[in-house]
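Structure, as structure tokens:
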Amino acid sequence: MVSMVSELGTLDLARLTATADIQHDSSLFGRFPSEIRNMIYAECWAVSGLKQHIFSREGRLAHSPCVLAPGEVDTRNGEIHRMCRQGRRRSRPHSLPVENKWASRFSSAWQEHWGCEEEMSIHSVRTQKCPRTLFLPMLLACKRAYLEAFYSLYTSISFVFTNLQTAHHCFVIHPAPWVKLLRSLAFSFAVPYEALHQHRFYSTPSQYPGHWAELSTSLSNLARFASVQAVSIRLDLSDGRQWSEVRERWILCAIRGILARRLVVQLPEVTHIDGLRCYQYLKGDKTPFRLERYPRLQWINTEDGRVEPRVEPADLVSLDRGQLSQARLRKATRGICGLVAGIKST
Ligand SMILES: [Zn+2]
């Protein structure tokens with residue numbers, strides 16, 4: 029699969045500029061001023077999708093349009109309530125059987141972009157390629173078109189990352205030439221608790237701070253020295269721990285300066301725990317960035333065709349002793365199953 033983001037970022041721009049034909053006789057370059065050509069390029073990008081997911085597939089970077097509209101809320105919580113009502117359940121059930129489609133939605137690694145993942149999967153099954161767009165046809169038309177369209181493309185497109193490793197590869201390990209042109213970026217990560225706190229738990233300079241801390245620093249540098257103007261970061265945990273345990277001020281401490289002024293951070297709604305309140309952003313606190321809270325996914329996929337409620341501190345208060353012990357038993361069972369599966373695979 030030829031990918032726009034992996035192949036074109038490696039070309040030698042200086043050599044292309046030196047060898048490109050001016051093409052005064054062509055209609056595009058000879059008759060139209062650059063303003064008109066830029067409008068043509070912009071239309072090509074718009075019909076191809078101005079927001080593109082960047083993800084890794086078979087070891088190479090690939091892209092797929094983002095179909096999540098601005099401000100669109102995640103409908104998965106609402107859908108579960110609808111299923112419960114259809115099943116005429118008055119109380120919150122311990123678990124609920126769901127069809128495969130919904131089971132995969134509740135375990136999607138693309139988080140609230142699960143609809144974008146479905147679109148990508150449907151297209152991939154049909155064609156085994158990235159969705160057809162005008163990105164490559166315009167860039168590969170000729171050297172001069174490439175040089176003009178390259179700048180127009182990467183300053184127009186908003187890239188969306190839902191995998192920390194992929195984002196770390198693009199911005200820290202092997203930053204491509206187009207990284208410095210990007211103006212709009214969106215990240216939505218669900219990562220283990222340790223991955224977010226690693227730089228604070230192991231603070232000696234000789235120890236690796238972790239992908240998250242390195243990415244935060246790299247984004248801060250991009251906002252300061254490059255063209256990044258708008259960034260959104262949405263965070264969640266992937267390891268079953270509760271968000272109330274997260275030390276929000278620690279995990280976002282690397283984000284300062286210009287990036288903070290251009291940044292929207294989305295964190296789960298949280299019931300604060302007394303001992304950890306000082307580490308978290310409370311309602312009314314001043315923050316260097318714009319902070320938004322979103323309702324966390326209330327159900328999780330148990331991988332046996334059922335979903336079950338995520339237990340948060342607020343829920344623990346309302347559960348009776350029997351329900352509480354059952355919730356803890358299910359959590360312990362999942363942990364043991366994961367441990368056994370890990371031992372078998374080694
Ligand atoms: Zn999306």
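In terms of this note's numbering, the sequence shown has 135 at position 107, counting the first letter as 1, and numbering is strictly consecutive.
Built from N, CA and C at the ideal position, the CB exists for glycine as well.
Within the DSSP secondary-structure output, V293 pairs in a beta bridge with I261, L319.
Here the distance from the Cβ of H225 to the nearest heavy atom of ligand 1 is not below 6 Å. Residues W278 of the same chain have their beta carbon placed closer than 7 Å to that of R228, with the five preceding and five following residues left out of the count.
H202 has its Cβ no nearer than 6 Å to any heavy atom of ligand 1. Less than 7 Å separates the beta-carbon of R334 from that of S123. When Cβ pairs closer than 8 Å are counted between the two stretches, the segment 211-222 is seen not to touch the segment 105-112, the count staying below three.
Listed in chain order, the alpha helix (DSSP H) runs fully inside the segment 216-289 are 221-229, 239-253, 276-279, 285-289, counting runs of at least 4 residues. For H141, the distance from the CB to the nearest heavy atom of ligand 1 is below 6 Å.
Sequence-distant partners of A214 (beyond 5 residues in either direction) whose C-beta falls short of 7 Å from its own C-beta, in its chain, are S186, V188, S260. 7 Å or more divides the Cβ of F317 from the Cβ of S246. Here the distance from the Cβ of L96 to the nearest heavy atom of ligand 1 is below 6 Å. Contact between L209 and Y182 holds: CB atoms are separated by about 4 Å, below the 8 Å threshold.
V188 is bridged by DSSP to H81, A214. A residue is called buried when at least 16 other Cβ atoms come within 10 angstroms of its Cβ; F253 does not meet this threshold and is exposed. Counting the other CB atoms within 10 Å of its CB gives V126 a total of 16 or more, which places it among the buried residues. Residues S248, P316 of the same chain have their beta carbon placed closer than 7 Å to that of R284, with the five preceding and five following residues left out of the count. One thing to note: Q270 has its Cβ no nearer than 7 Å to the Cβ of R211. According to the DSSP secondary-structure assignment, E336 is paired through a beta bridge with I328.
In the structure shown, H202 adopts coil according to DSSP, grouped into three states. Shortest gap from the CB of C144 to any heavy atom of ligand 1: under 6 Å. Look at R160 here: in three-state DSSP terms it is coil, with no helix or strand label.
The segment 168-175 makes contact with the segment 45-53, as at least three CB pairs between them are under 8 Å.
In the three-state reduction of the DSSP assignment, S152 falls in the helix class, which pools H, G and I. Between W73 and S152, the C-beta spacing is not below 7 Å.
A straight line joining the alpha-carbon of R275 with that of W206 spans about 33 Å. Straight through space, the alpha carbons of G77 and S92 are spaced by roughly 9 Å. Excluding its 5 nearest sequence neighbours in each direction, M166 has C-beta neighbours in its own chain below 6 Å: C72, A177, listed in chain order. It is roughly 12 Å from the alpha-carbon of S244 to the alpha-carbon of L291. Rounded to the nearest whole angstrom, the C-alpha separation of Y322 and S62 is 43 Å.
For A42, the enclosing alpha helix (DSSP H) begins and ends at 41-47.
S272 and L265 have their C-alpha atoms spaced approximately 11 Å apart.
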